[in-house]
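Colleague:
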Amino acid sequence: GTPEPSTPCTFTIHAEIKRNGSILSPTYPGTYPKDLICSYQFVGRRGQRVRLEFRDFDLFFGGPQYVYARPIF
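Under the working numbering, the residue at position 10 of the sequence shown is numbered 261, and the numbers go up by one with no gaps.
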């Protein structure tokens, strides 16, 4: 995706530009820097779907980590 201006970890992926690919955390396979919040927005036409396949997913235990996903209509 394309990084948003002035934000180190906010990405927008447009379906008409790129229909498949890979998403990596900025410091993968290392850990996130403290207080880094990353977001990925997928933009497509009405009725299009997003399929995510995780090949490596690791959550640090002991802190306020979460995954937040919501549809945008």
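Beta carbons are placed, not taken as given, at the ideal position from N, Cα and C, and that holds for glycine.
Going by the DSSP bridge assignment, what does Ile288 pair with across the sheet?
Modeller: Per DSSP, none; premise fails for Ile288.
Colleague: Is the beta carbon of His265 sitting closer than 9 Å to the one on Val294?
Modeller: Yes, the pair counts as a contact, with Cβ atoms nearer than the cut-off.
Colleague: With distance defined between alpha-carbon atoms, name the residue in Ile288, Gln292, Arg306 and Ser276 nearest to Lys269.
Modeller: Residue Gln292 is the option with its Cα nearest to Lys269.
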